[in-house]
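Novice: In order, the protein sequences belong to chains U and A. The opening residue of the first sequence carries number 1 in this note's numbering; numbering runs sequentially from there. The opening residue of the second sequence carries number 1001 in this note's numbering; numbering runs sequentially from there. Every residue, glycine too, gets a C-beta built ideally from N, C-alpha and C. Handing you this structure, nothing more for now.
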Amino acid sequence: MNPRSKGPGRSRVGGAGLVAAGVALGAALMFVGLAQADRIAPARPDVLVALGQRLDVEHRAVDLRVERGDFAGAIASLDTLRQGPWPESELATSAAIQLKHDAYGRLVRLRMDHPEVDGKTPAELLAIVEEGLGPMADGDAEAGLGLEDANPFTARLWALRGELYEAEGRDDEALAAYEAALQINSILLERELGGAR
Amino acid sequence: MTRSRWDWHGWVAAGTLLGSCVLVPGCAKSSATSASPGADAAAAEPAESKAERAVGASSTDDALALSQNLDDLEAEYVRVDAALTEAGVTNTLTYAPKADPAGAPAGGEVPKKKVAVDVDAVDRCERICDLQVSICDLSARICTLAESHEGEERYATACSGASARCEQAQGACETCGSD
């Protein structure tokens, strides 16, 4: 039998089917290639840029207020920022998470250093830190963050968490939080040393 | 007749090519947002055109909510920026969190190098030494905790491990630049 002859099965798999299979194959290959080349765009680049811009402006506004001794204003500004919007779920790229941790870390630090402004208890501040950490608050830093995403802002948030646990007398949890911060900072250091020329 | 000239691998090849082409416009990474959130925002396109070509803008609630808030964000940005300009602050728009890998002493302030800083120009030794400060501060906190938990293995181990990391970081800071 001639293998190239058109049997009944072959006729059912028409050109359209083969094209569809080819499209899927081509798309998959292209996706893998772009991913490996780090060329996959964030789902919402506009959101990321807007967030970055806003955070930049807020930081400078907070700098000015702190310089003038207006800690209440600085805290209020960061509290407004904290209320969002922040990207969630699939839009929460590592860059967006860093921006969020940056804002939360600065807010909590300011609140801890200036308890005279609308004083919060360590428990209330812990709730803010955990809100900032999001899902990774329930796990360890490495599992929640991954080596690739290690950054100083998340490290600071973990360290603040440790300080707040310590203030609450929850030493075991404080130790775990400090170790998480230390782990992230160590990853960052190794990365720097690995880049030595 | 015509079909006989197109055997199956011709169809698959055509499909592969088509599939590849379909993905390209959807995946091209915007240079304004690549890798670092510190991309120069001034170089970014207006929000409207970016929104139009926003890739993979899913119909999730998140996306919709964020999209609706973009105008608010921009309005807020313009308001704060105008106030800053009035106060004599120039608008450099170079927010770059990744320029600060060193972090801060434990939960302290992250060093403020975020404005108008070229990431590549930030001195590597400075970053290493900033990290050393953070690591040693955390080590001190851990060891202080360990002192009040004398005899507890976990605390003792954590303290010795943290101290070793602090020493390593100190060595890296001291020898940086001479290697």
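1. Round the Cβ separation of A1162 (chain A) and L1145 (chain A) to the nearest angstrom and send it over; I've been treating them as touching at under 8 angstroms.
2. Which residue from U:T121, U:L182, U:A95 and U:L188 puts its Cα closest to that of G169 (chain U)?
3. If you run the structure through DSSP and keep just helix, strand and coil, what is A150 (chain U)?
4. Grab me the residues of L199 (chain U)'s own chain with a C-beta within less than 7 angstroms of its C-beta, minus the 5 sequence neighbours each way, in chain order.
5. According to DSSP, is W86 (chain U) part of a helix, a strand, or is it coil?
6. Go through its chain and collect everything with a Cβ distance to C1159 (chain A)'s Cβ below 6 angstroms, but skip five positions before and after it.
7. Looking at the structure shown, is K100 (chain U) part of a helix, part of a strand, or coil, going by DSSP?
8. Would you please verify whether the beta carbon of S1178 (chain A) is less than 8 angstroms from any beta carbon of chain U?
9. Using only CA atoms, which one of A:C1136, A:R1127 and A:R1154 lies nearest to A181 (chain U)?
10. Look at the alpha carbon of R65 (chain U) and the alpha carbon of Y165 (chain U), and state the distance between them as a whole number of angstroms.
11. Any beta carbon from chain U within less than 8 angstroms of A1041 (chain A)'s own beta carbon?
12. So what's S1178 (chain A) in DSSP terms, helix, strand or just coil?
13. Let me confirm a value: T154 (chain U) is counted as buried when at least 16 other C-beta atoms fall within 10 Å, else exposed. Which label applies?
14. Under 8 angstroms between C-beta atoms, does A1164 (chain A) make it to chain U?
15. Verify the CB distance criterion: does P1037 (chain A) have a CB-CB separation below 8 angstroms to chain U?
16. Say whether chain A places a C-beta atom closer than 8 angstroms to the C-beta of A159 (chain U).
17. Of the residues that make up the region 160–173 of chain U, which ones have a beta carbon closer than 9 angstroms to any beta carbon in chain A?
18. Can you confirm whether K120 (chain U), when its beta carbon is compared against all beta carbons of chain A, has any partner nearer than 8 angstroms?
19. With distances taken Cα to Cα, identify the nearest neighbour of G84 (chain U) among U:A27, U:V47 and U:E190.
20. Assuming R1127 (chain A) and E192 (chain U) are in contact, meaning their beta carbons sit under 8 angstroms apart, how far apart are those beta carbons, in whole angstroms?
21. Take the Cβ of D1130 (chain A) as the centre, count every other Cβ of all protein chains shown within 10 Å, and call the residue buried at 16 or more, exposed below.
22. For A1172 (chain A), which residues in chain U fall below 7 angstroms Cβ to Cβ?
23. Does any residue of chain A bring its CB to less than 8 angstroms from the CB of A181 (chain U)?
24. For a test of the three-state rule: what should DSSP assign to A1172 (chain A), helix, strand or coil?
25. Figure out for me which residue from U:T93, U:W86 and U:L81 has the closest Cα to the Cα of V108 (chain U).
26. For E1153 (chain A), does the three-state DSSP call read helix, strand or coil?
27. Could you check the C-alpha separation between G1171 (chain A) and G22 (chain U) for me, to the nearest Å?
28. Give every residue of the same chain whose Cβ lies closer than 7 angstroms to the Cβ of A123 (chain U), excluding the five residues on either side of it in the sequence, and list them in chain order.
29. Residues of the region 1122–1137 of chain A in Cβ contact with chain B at a cutoff of 7 angstroms, in chain order, please.
30. Determine the closest residue to E1154 (chain A) out of U:E173, U:D138, U:A137 and U:A150, with distance taken between C-alpha atoms.
31. So for S1148 (chain A), helix, strand or coil by DSSP?
32. For R161 (chain U), name the three-state secondary structure that DSSP assigns.
33. Is it true that the CB of I187 (chain U) sits closer than 8 angstroms to the CB of A150 (chain U)?
34. Hey, does Y198 (chain U) have any beta-carbon neighbour from chain A nearer than 8 angstroms?
35. Rounded to whole angstroms, what's the CA-CA distance from L126 (chain U) to D118 (chain U)? Just pull it up for me.
36. Give a yes or no on whether 8 angstroms exceeds the smallest Cβ distance from A1158 (chain A) to chain U.
Specialist: Let me spell this out:
1. Actually they are not in contact, since the Cβ atoms of A1162 (chain A) and L1145 (chain A) sit about 10 angstroms apart, beyond 8 angstroms.
2. U:T121
3. coil
4. One cannot answer for residue 199 (chain U) here, as it falls past the ends of chain U, which runs 1 to 197.
5. coil
6. I1142, C1143 and A1146
7. helix
8. no
9. A:C1136
10. 29 angstroms
11. With a pLDDT of only 28 at A1041 (chain A), under the threshold of 50, the placement of this residue in the model should not be trusted; the figure read from the coordinates follows. Yes - at least one Cβ of chain U is within 8 angstroms of the one on A1041 (chain A).
12. coil
13. buried
14. no
15. The predicted model places P1037 (chain A) with a pLDDT of 32, which falls under 50 and marks its position as unreliable, so this point remains unresolved.
16. yes
17. L160, R161, G162, E163, L164, E166, D171 and D172
18. no
19. U:V47
20. 6 angstroms
21. buried
22. L189 and L193
23. yes
24. helix
25. U:L81
26. helix
27. 56 angstroms
28. E168
29. In the displayed structure, chain B is absent; the protein chains listed are U and A.
30. The amino acid at residue 1154 (chain A) is misidentified as Glu; the sequence shows Arg. Here the closest residue by C-alpha is U:E173.
31. coil
32. helix
33. yes
34. As shown, chain U starts at 1 and ends at 197. That puts residue 198 (chain U) outside it, with no answer to give.
35. 15 angstroms
36. yes
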